[in-house]
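Visitor: Sequential numbering from 1 applies to the sequence shown in UniProt numbering.
Take this structure, written in structure tokens, and hold onto it; I'll ask about it next.
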Amino acid sequence: MKANIETLLLILGEHHEEAHGIPEAEIRAKEQSLGIPLPAALREYYKILGRSPNITQRCNNQYEPLPLEEIFIPDNDFFTTDKEFLVFYQVEESVIYCGIRMQDLQEEDPPVYLCAWNLPDWQLENRSLRRFLAGKALIQLGVEDRLPYWANFDESMWSLSDYCRSMHLDRECEIEEGSELNAWKIYVKDDILIVFELDVSEEGTEEPLAVFLASFQRASIENLLNGMGKDTSLPPFRTNL
């Protein structure tokens with residue numbers, strides 16, 4: 001399944017409210033101040049989730065959306081060599097920005113590029129803005145303790161396949177984030193969001209650096225952990241249950 005807003009809303013369920021979106025009039029006013037229209041996928045995101053308390057909190061060195069009022073077009077003082085971008089996402093602690101090429105703004109679902117303070121040339125992050133927005137929000141929900149119940153596994157001898165076997169995860173559970181960096185694997189199973197942070201230092205490997213389980217349903221995580229606990233080699237984990 002490809003990551004999209006519908007996937008996010010499925011996870012949030014009754015905890016999402018209409019008030020968590022930004023009114024159309026405010027989006028139009030921002031477009032007028034920028035002098036450009038926002039791509040349809042970005043307008044949809046801000047209109048539905050632009051003020052979601054689960055997504056717009058300050059992150060701990062994770063990708064996060066800029067508030068609508070802070071979206072900007074770089075000026076001459078911005079550190080990148082190419083200024084022709086609409087910047088709408090950031091990793092504040094690492095000074096990473098994500099943007100859309102100005103020439104791609106007319107596309108409904110344009111590609112997303114990123115830059116960093118030590119990498120002034122933009123590089124492709126995701127070929128789909130929709131998948132980028134949903135995928136990064138799912139990672140926030142999984143790793144930033146945004147949901148009330150969670151369990152975290154640190155790096156261990158277990159491989160990705162070990163965890164998938166223990167949790168009974170298959171391709172139908174996987175959410176395709178679509179990032180070119182391939183640093184994360186995302187699954188949804190039985191009301192549980194499961195996020196793997198992968199070691200991408202060596203090409204071709206998918207070894208977990210950490211595994212994050214999060215849910216609004218306490219019983220769902222309890223049942224999953226109880227089932228995993230039947231494996232005597234299960235790595236230690238931390239949880240708030």
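Note that beta-carbon positions come from the ideal geometry of N, C-alpha and C, so glycine has one too.
If I'm right that residue 138 touches residue 3 with Cβ under 8 Å, what's the distance once you round it to whole angstroms?
Guide: Looking up residue 138 in the sequence shown gives position 138. Looking up residue 3 in the sequence shown gives position 3. Between residue 3 and residue 138 the Cβ distance is about 6 Å, and since that is below 8 Å, they are a contact.
Visitor: Going by DSSP in three states, residue 217 sits in which element: helix, strand or coil?
Guide: For the purposes of this step, residue 217 is taken as the residue at position 217 of the sequence shown. In this structure, residue 217 counts as coil in the three-state DSSP scheme.
Visitor: What is the DSSP secondary structure of residue 196, reduced to helix, strand or coil?
Guide: In the sequence shown, counting from the first residue as 1, residue 196 sits at position 196. Strand at residue 196.
Visitor: Considering only the alpha carbon of each residue, which of 7, 142, 25 lies closest to residue 221?
Guide: Residue numbering aside, residue 221 sits at position 221 when the sequence shown is read from its first letter. The residue with the shortest Cα to Cα distance from residue 221 is 142.
Visitor: Within a Cβ cutoff of 6 Å, which residues of the same chain sit near residue 87, ignoring the five residues on either side of it in sequence?
Guide: Position 87 of the sequence shown, counting from 1, holds the residue named residue 87. Only 72, 97, 99 meet the Cβ criterion.
Visitor: List the whole-angstrom C-beta distance separating residue 130 from residue 145, where the pair is believed to meet the contact cut-off of C-beta under 8 Å.
Guide: Locating residue 130 in the sequence shown gives position 130, where the first residue counts as 1. Locating residue 145 in the sequence shown gives position 145, where the first residue counts as 1. About 26 Å separates the two Cβ atoms, so there is no contact after all.
Visitor: Tell me whether residue 206 counts as near the ligand ZN, meaning its Cβ is closer than 7 Å to at least one heavy atom of that ligand.
Guide: Within the structure as shown, the ligand ZN is missing, as the structure has no ligands at all.
Visitor: Would you call the stretch 208-226 and the stretch 39-58 touching, i.e. three or more CB-CB distances under 8 Å?
Guide: no
Visitor: Cα separation between residue 111 and residue 80?
Guide: The sequence position of residue 111 within the sequence shown is 111, counting from 1. The sequence position of residue 80 within the sequence shown is 80, counting from 1. Spanning the two alpha carbons is a distance of roughly 18 Å.
Visitor: Run through the stretch 21-99 for me and flag every whole beta strand (DSSP E) of 3 or more residues, listed as ranges in chain order.
Guide: For the stretch 21-99, whole beta strand (DSSP E) runs of length 3 or above, ordered along the chain, are 85-91.
Visitor: Helix, strand or coil: which one does DSSP assign to residue 127?
Guide: Start at 1 with the first residue of the sequence shown, and residue 127 comes out as number 127. Of the three classes helix, strand and coil, the one that applies to residue 127 here is coil, per DSSP.
Visitor: Starting from the C-beta of residue 166, find all residues in its chain whose C-beta is less than 6 Å away, skip the five residues before and the five after it, and write them out in chain order.
Guide: The count along the sequence shown starts at 1 and reaches residue 166 at position 166. In chain order, 228, 231 place their CB closer than 6 Å to the CB of residue 166, counting only its own chain and leaving out the 5 sequence neighbours on each side.
Visitor: When you compare only the Cα positions, how much space is there between residue 16 and residue 54?
Guide: As a working note, residue 16 is residue 16 in the sequence shown. As a working note, residue 54 is residue 54 in the sequence shown. Each residue's Cα considered, the two are about 9 Å apart.
Visitor: CA-CA distance, residue 21 and residue 233?
Guide: Sequence index remark: in the sequence shown, residue 21 carries index 21 (1-based). Sequence index remark: in the sequence shown, residue 233 carries index 233 (1-based). Each residue's alpha carbon lies about 45 Å from the other.
Visitor: Got a sec, what are the start and stop residues for the beta strand (DSSP E) residue 238 sits in?
Guide: Within the sequence shown, numbered from 1, the residue matching residue 238 stands at position 238. Taken as a continuous stretch (DSSP letters only), the beta strand (DSSP E) holding residue 238 covers 237-239.
Visitor: Is the beta carbon of residue 125 sitting closer than 8 Å to the one on residue 177?
Guide: Here residue 125 is taken as the residue at index 125 of the sequence shown, counted from 1. Here residue 177 is taken as the residue at index 177 of the sequence shown, counted from 1. Result no, Cβ atoms of residue 125 and residue 177 do not sit closer than 8 Å.
Visitor: Do the CB positions of residue 186 and residue 174 come within less than 8 Å of each other?
Guide: Taking the sequence shown and counting its residues from 1, the one referred to as residue 186 is at position 186. Taking the sequence shown and counting its residues from 1, the one referred to as residue 174 is at position 174. Against a cut-off of 8 Å, the Cβ pair of residue 174 and residue 186 comes out as a contact.
Visitor: According to the neighbour-count rule (16 or more other Cβ atoms, all chains shown, within 10 Å of its Cβ), is residue 120 buried or exposed?
Guide: The count along the sequence shown starts at 1 and reaches residue 120 at position 120. Burial call: exposed.
Visitor: Which of helix, strand or coil does DSSP assign to residue 146?
Guide: Translated into positions along the sequence shown, residue 146 becomes position 146. Coil.
Visitor: Of all the options 84, 24, 162, 65, which has the alpha carbon lying nearest to the alpha carbon of residue 135?
Guide: Counting from one through the sequence shown, the residue named residue 135 turns up at place 135. With distances taken between Cα atoms, residue 135 lies closest to 65.
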